[in-house]
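Residue numbers (my numbering): 3 to 72. A virtual CB, placed ideally from N, CA and C, is assigned to each residue, including glycine. As structure tokens, the structure follows; a few thoughts come after it.
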Amino acid sequence: MQTKYLIVIEKTPNNLSAFSPDLPGCVATGSSQAEVEERMREAIRMHLEGMREDGVEIPEPSSVAEYIEA
């Protein structure tokens, strides 16, 4: 079973930016949603690989997202 981490994608003036709340420092940018998602997949893979190499415990995903009407 694959672990799934929440990513948040935000529009910026020039592109899209993404981060994972469960993996501080793991970020990526892209010119389209598809591109930023693909770059985040790679960023998460590299981030987790680096954590394993450094002997750092890998956090379990715990973030959730929900839309709220205002």
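Inset, instruction - Look up G27 in the DSSP assignment and give the residues it is bridged to. - result: Per DSSP, none; premise fails for G27.
Legend entry - Cβ-Cβ distance between A30 and M42 below 8 angstroms: yes
Legend entry - Where Y69 falls, given that 16 or more other Cβ within 10 Å makes a residue buried: exposed
Inset, instruction - Locate the beta strand (DSSP E) running through I11, then write down its first and last residues. - result: V10 to K13
Legend entry - DSSP state of A36 mapped onto helix, strand, coil: helix
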